[in-house]
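In terms of this note's numbering, the sequence shown is residues 4 to 405.
We put the beta carbon where it would ideally sit given N, CA and C, even for glycine.
In this text the structure is predicted, and so the values were computed from the model without any measurement.
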Amino acid sequence: MKIINGGVCAATGFMAGACHCGIRKNQAKDDLAIIYSQSLCQCAAVYTTNKVKAAPLKVTKEHLKNGMAQAIIVNSGNANACNESEMENANKEALCASKFLDCDVEDVVVASTGVIGQPLPIECIEQNIGNIELSNDNSLKAAHAILTTDTVEKTIAIEFEVNGTICHMGGICKGSGMIHPNMGTMLSFITTDCNIQASLLDEILHENVKKTFNRVSVDGDTSTNDMCVVMANGMAQNAPVTKHTDSYPIFKEALRFVMEELAKKIAADGEGAGKFLTCTVKGAKTEEDAEKLAMSVCSSSLLKAAMFGADANWGRVMCALGYAGVDFDPESVDIYFKSNDEIIQCSKDGMALNFDEQKAKEILSNKEIEIISDLKQGNEQVSCWGCDLTYDYVKINGDYRT
4 MKIINGGVCA ATGFMAGACH CGIRKNQAKD DLAIIYSQSL CQCAAVYTTN
54 KVKAAPLKVT KEHLKNGMAQ AIIVNSGNAN ACNESEMENA NKEALCASKF
104 LDCDVEDVVV ASTGVIGQPL PIECIEQNIG NIELSNDNSL KAAHAILTTD
154 TVEKTIAIEF EVNGTICHMG GICKGSGMIH PNMGTMLSFI TTDCNIQASL
204 LDEILHENVK KTFNRVSVDG DTSTNDMCVV MANGMAQNAP VTKHTDSYPI
254 FKEALRFVME ELAKKIAADG EGAGKFLTCT VKGAKTEEDA EKLAMSVCSS
304 SLLKAAMFGA DANWGRVMCA LGYAGVDFDP ESVDIYFKSN DEIIQCSKDG
354 MALNFDEQKA KEILSNKEIE IISDLKQGNE QVSCWGCDLT YDYVKINGDY
404 RT
């Protein structure tokens, strides 16, 4: 497996494009994107677990009942959720894409992101979709168009070998605020030219979501529009990936790598974030225990605030472990803070150590920090990802709508 350039256009037969259609007031910011395959794709998706689901998700679910798609249309600036015309406008958005691309409307995936509760100005899309220029090197342009409060585009692409054939996979995503597991709140679009059936693709996607996007937390909020979509057009012409052959773990690992890289990029670009946090729990009895404990630490507002202040307040780690709902022995826990090649132990067997506070502050002043909790009760280890909690998070969300 090798990292390459190209994002969602790295795989054979995929193109992308974007334009400013007028949903957002900032005319310098593109707000409409399309990802398109030259041939029909096997397709799978995972959606938010929020009870309130935006119309684009409902339309996409209906369109993907047959496991096939050829295009994705995405708008930013408006979530098209919780308004009287949301279903009508989501269907119209799919129709716009199908006419523009000359494909069946049922083969269009629809996604939206932005403010909830306001009608989508569908006429902006209808009148300006023709300004999109599709190209096999426009992945970054599409990645930029789908951003909301994100500060950077999030993209990854890889090359890997299946049954002696070189395949490619790439993805883009957006997500900065309203980020918490049970889907991993964001929009993520992944493309591959690997030959794999939709049913198997769906199985692998769901399994990988649990260990990637569902291990990210920025602020504890799960949005109404979250969606992860994978399209596979088979244009690499490899022998089909099947479950009981060597190709299965290869494809599964490739998809997990892409999803994990995108998940980490979301965590690192959390709203107002200054630091990327990796919260690792090791020595757990089960993987499920390790995950619950790591997510509890990663989601703690007090711990996140301490990381913003470079305060080695390891007691907040212990506290978060303690309310995670997992049975473990607090008197066996060791806690460490790590950055780059430097590491400091702050507690041993659940009790404070006389550690160097200045060295700890220096470690926690770096941009990437790992918080390690060693339970010493088993062999399982899990890492989850998040960010610090800063003043800027409140500033961003204090007037997000207005």
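| Query | Result |
| --- | --- |
| Proximity of P124 and G20 at Cβ, strictly below 8 Å | no |
| Buried or exposed by the 16-neighbour rule on C-beta atoms within 10 Å, applied to I346 | exposed |
| Limits of the unbroken alpha helix (DSSP H) element including T152 | That residue, T152, is in no alpha helix (DSSP H); it is neither H nor E in DSSP. |
| DSSP bridge partner residues for E156 (one or two, in chain order) | E156 pairs with nothing; no bridge assigned. |
| Sub-8 Å separation of I374 and V300 beta-carbons | yes |
| Cut-off 8 Å between Cβ atoms - residues of its own chain near K255, not counting five sequence neighbours on either side | I207, E210, N211 |
| Endpoints, beta strand (DSSP E) assigned at Y39 | 35-50 |
| Residues near F331 in its chain [Cβ-Cβ closer than 8 Å; skip 5 each side] | A287, K288, D292, L296, L324, L378, Q380 |
| Distance CB(S101)-CB(D107) smaller than 8 Å | yes |
| The alpha helix (DSSP H) enclosing A415, as first and last residue numbers | Summary: the structure shown does not reach residue 415, with the chain confined to residues 4 through 405, and so no result is reported for it. |
| Local conformation of F311 per DSSP, three classes | helix |
| 8 Å contact criterion, which D196 and N141 should meet: CB distance rounded | Actually they do not touch by this definition, with Cβ atoms about 17 Å apart. |
| V320 (DSSP reduced to helix, strand or coil) | helix |
| Three-state secondary structure assigned by DSSP to L280 | strand |
| Straight-line gap, S386 to E129 (C-alpha atoms, nearest Å) | 44 Å |
| Rounded C-alpha distance that separates K370 from T15 | 36 Å |
| For G187, three-class secondary structure by DSSP | Bear in mind that the predicted position of G187 carries a pLDDT of just 43, short of 50, making it too unreliable to give a figure here. |
| Strand pairing of M354, partner residues [DSSP] | K351 |
| G318 vs L143 beta-carbon contact at 8 Å | no |
| From K398, F311, L104, residue whose alpha carbon lies closest to that of E365 | F311 |
| For T158 and E89, the rounded distance between their alpha carbons | 29 Å |
| Simplified DSSP assignment, three categories, for T63 | helix |
| Pick from S79, T152, I269 that is closest to Q121, judged by C-alpha positions | S79 |
| Simplified DSSP state of C12, which is helix, strand or coil | helix |
| For F340, the first and last residue of its enclosing beta strand (DSSP E) | 337-342 |
| Distance between I119 and D110 (C-alpha atoms, nearest Å) | 26 Å |
| Rounded separation between A363 and L67 - CA only | 50 Å |
| Under the three-state DSSP convention, the category E126 falls into | helix |
| Residue range of the unbroken alpha helix (DSSP H) whose run includes V212 | 201-213 |
| Assigned exposure category for I6 - 16 Cβ within 10 Å defines buried | exposed |
| CB contact flag (Y50, L43, <8 Å) | no |
| Pick from G133, T63, E87, E156 that is closest to V112, judged by C-alpha positions | T63 |
| Whole-angstrom distance between G277 and N94, CA atom to CA atom | 39 Å |
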